[in-house]
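The end of the sequence shown is residue 314 by this note's numbering, with every number in the run present.
No residue lacks a Cβ here, since even glycine has one placed at the ideal position from N, Cα and C.
Worksheet: one structure, shown below.
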Amino acid sequence: MIEGKIIKGIGGFYYVDDGKDLYECRARGIFRKEKMTPLVGDDVLISIVDFENKKGIVEKIKERKSELIRPAIANVDKALIVFAVKNPSPNLSLLDRFIVLAEKENLEVVIILTKIDLDDENVLEEIKNIYQNTYKVIPVSTKEKIGIEKVKEELKNSVVVFAGPSGVGKSSLLNEIDKNFNLQTGDVSEKIKRGKHTTRHAELLKLGENSMVADTPGFSSLVLDDIEEDELKEYFVEFDKFDECKFGSRCIHENEPNCSVKEAVKENKIEKKRYDSYIQLLNEIRNKKRRY
Ligand SMILES: Nc1nc2c(ncn2[C@@H]2O[C@H](COP(=O)(O)OP(=O)(O)OP(=O)(O)O)[C@@H](O)[C@H]2O)c(=O)[nH]1
Ligand SMILES: [Mg+2]
Ligand SMILES: [Zn+2]
């Protein structure tokens, strides 16, 4: 058997790179039975059915270091979450949801704000103020070639996923980072200022010797299905510093007395917008539980 990495999956075929060749593979039926779908980024063992035409079968999926459902990708170290300051306007609830899911997988999170050449309402400053004490925020204009080097820095020696809504410029930015990528880009609808879902499949691309980067399809919603009510606070990492709550680790920082997180919000040591977002997601998780 040959060891390799799935770099792309289309229509039931998985494209496995063993460092030398690319094999077109089907997956063993057993995976479907076990409700285990191979993901782009998976390290796999394949058996070869046709050497000449490089066709194989995925026999075994190695244990995943990390796994995201949307975008669907395994074994990345870092997520660059990409939002545009305008066209489409950023949805911060969606940003916070992605951060929660990425933190759950222990990914390093970096926020990329694109299209700053269009920023006539200081959206960049507004978002920076909310997030920059917790996450690295990199302003980018692919059009005016601003911030490209900073993004390249983030890609060194890691496996990174570009994630974000459709139309924010993920593929455009990647094309700027490496002219050989030649990824398809699309425009943003004039009327509703939304992307047109140009990128249809996640794809891992090699960047130099030690890096890989995944371009992925844009998404417009994320549900926090697998997250428990008392777990959510762990993924708002700026709360960590404030651990003096009266109820200790049982405090979910909502209505408890002597809650140091709520105190920190009052004193502007935690951004109110992030705290409000936390409470909103907390209620959403509860309401979902009740429905089932
Ligand atoms: N003004 C401006 N437009 C940009 C910038 N970056 C990308 N665009 C435009 O935004 C549109 C969408 O770009 P894409 O790269 O296809 O966006 P995407 O995030 O890959 O979208 P999906 O593949 O649908 O998820 C294109 O028309 C780009 O030319 C930028 O920095 N400034
Ligand atoms: Mg794209
Ligand atoms: Zn508390």
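Candidates the options: closest to residue i by CA position
{"i": "Asp65", "options": "Ile52, Glu130, Tyr37", "result": "Tyr37"}
{"i": "Ile95", "options": "Pro161, Asn309, Met234", "result": "Met234"}
{"i": "Thr164", "options": "Thr156, Val173, Pro187, Gly240", "result": "Val173"}
{"i": "Leu205", "options": "Asn232, Leu102, Ala236, Glu175", "result": "Ala236"}
{"i": "Val323", "options": "Asn202, Thr156, Gly230, Asn75", "result": "Nothing can be reported for residue 323: it is not among the residues displayed for the chain, which extend from 23 to 314."}
{"i": "Ser69", "options": "Tyr297, Leu229, Glu46, Arg86", "result": "Glu46"}
{"i": "Leu229", "options": "Thr221, Thr238, Gly26, Lys201", "result": "Lys201"}
{"i": "Gln302", "options": "Glu276, Cys281, Asn280", "result": "Glu276"}
{"i": "Ala185", "options": "Glu171, Ser243, Asn151, Cys281", "result": "Ser243"}
{"i": "Tyr300", "options": "Lys158, Glu171, Ser115", "result": "Ser115"}
{"i": "Leu129", "options": "Asn151, Glu171, Arg86", "result": "Arg86"}
Contact with chain B by residue i, beta-carbon distance below 9 Å
{"i": "Arg222", "result": "Going by chain labels, chain B is absent from the structure shown, which holds only one protein chain."}
Residue i burial status per 10 Å Cβ neighbour count (16 or more: buried)
{"i": "Asp118", "result": "buried"}
{"i": "Thr136", "result": "buried"}
{"i": "Pro60", "result": "buried"}
{"i": "Asn97", "result": "buried"}
{"i": "Lys284", "result": "buried"}
{"i": "Phe73", "result": "exposed"}
{"i": "Gly34", "result": "exposed"}
{"i": "Val245", "result": "exposed"}
{"i": "Asp209", "result": "exposed"}
{"i": "Glu225", "result": "buried"}
{"i": "Val107", "result": "buried"}
{"i": "Val162", "result": "buried"}
{"i": "Val71", "result": "exposed"}
{"i": "Ile91", "result": "exposed"}
{"i": "Ile307", "result": "buried"}
{"i": "Gly41", "result": "exposed"}
{"i": "Leu44", "result": "exposed"}
Opening and closing residue of the beta strand (DSSP E) in which residue i lies
{"i": "Leu67", "result": "65–72"}
{"i": "Glu176", "result": "Counting along the chain, Glu176 falls outside any beta strand (DSSP E), though it belongs to the alpha helix (DSSP H) covering 170–177."}
{"i": "Ser233", "result": "233–237"}
{"i": "Ile160", "result": "158–161"}
{"i": "Asp39", "result": "35–39"}
{"i": "Glu198", "result": "Not the beta strand (DSSP E): Glu198 falls in the alpha helix (DSSP H), residues 192–199."}
{"i": "Leu146", "result": "Where Leu146 is concerned, there is no enclosing beta strand (DSSP E), although the alpha helix (DSSP H) it sits in stretches over 145–153."}
{"i": "Lys215", "result": "Neither: Lys215 is in no beta strand (DSSP E) and is coded neither H nor E."}
{"i": "Leu226", "result": "225–229"}
{"i": "Gly240", "result": "Per DSSP, Gly240 belongs to no beta strand (DSSP E) and is neither H nor E."}
{"i": "Leu135", "result": "130–136"}
{"i": "Lys77", "result": "77–83"}
{"i": "Phe184", "result": "181–185"}
Whether residue i touches residue j by CB criterion (9 Å)
{"i": "Val190", "j": "Lys100", "result": "no"}
{"i": "Gly63", "j": "Ile32", "result": "no"}
{"i": "Ile134", "j": "Gly169", "result": "yes"}
{"i": "Ile274", "j": "Lys295", "result": "no"}
{"i": "Leu177", "j": "Ile199", "result": "yes"}
{"i": "Pro93", "j": "Val183", "result": "yes"}
{"i": "Glu166", "j": "Tyr257", "result": "no"}
{"i": "Glu89", "j": "Glu127", "result": "yes"}
{"i": "Ile103", "j": "Val122", "result": "no"}
{"i": "Gly240", "j": "Pro187", "result": "yes"}
{"i": "His223", "j": "Lys30", "result": "yes"}
{"i": "Glu293", "j": "Tyr153", "result": "yes"}
{"i": "Pro112", "j": "Phe105", "result": "yes"}
{"i": "Thr238", "j": "Thr220", "result": "no"}
{"i": "Lys268", "j": "Pro279", "result": "yes"}
Element boundaries [alpha helix (DSSP H), containing residue i]
{"i": "Phe51", "result": "As written in the sequence, residue 51 is Gly, which differs from the Phe given in the question. Counting along the chain, the alpha helix (DSSP H) containing Gly51 begins and ends at 51–55."}
{"i": "Ala101", "result": "That residue, Ala101, is in no alpha helix (DSSP H); its beta strand (DSSP E) goes 100–106."}
{"i": "Leu114", "result": "114–126"}
{"i": "Val283", "result": "282–288"}
For the stretch 250–267 against the stretch 200–215, do three or more pairs of beta-carbon atoms, one drawn from each stretch, fall closer than 8 Å, so that the two count as touching?
no
Determine, using beta-carbon pairs with one atom in the stretch 190–204 and one in the stretch 138–147, whether at least three such pairs fall under 8 Å.
Contact fails: fewer than three Cβ-Cβ distances are below 8 Å.
Can at least three beta-carbon pairs, one atom from the stretch 46–53 and one from the stretch 79–95, be found at a separation below 8 Å?
yes
Contact the stretch 239–252 vs the stretch 141–150: 3+ CB pairs below 8 Å:
no
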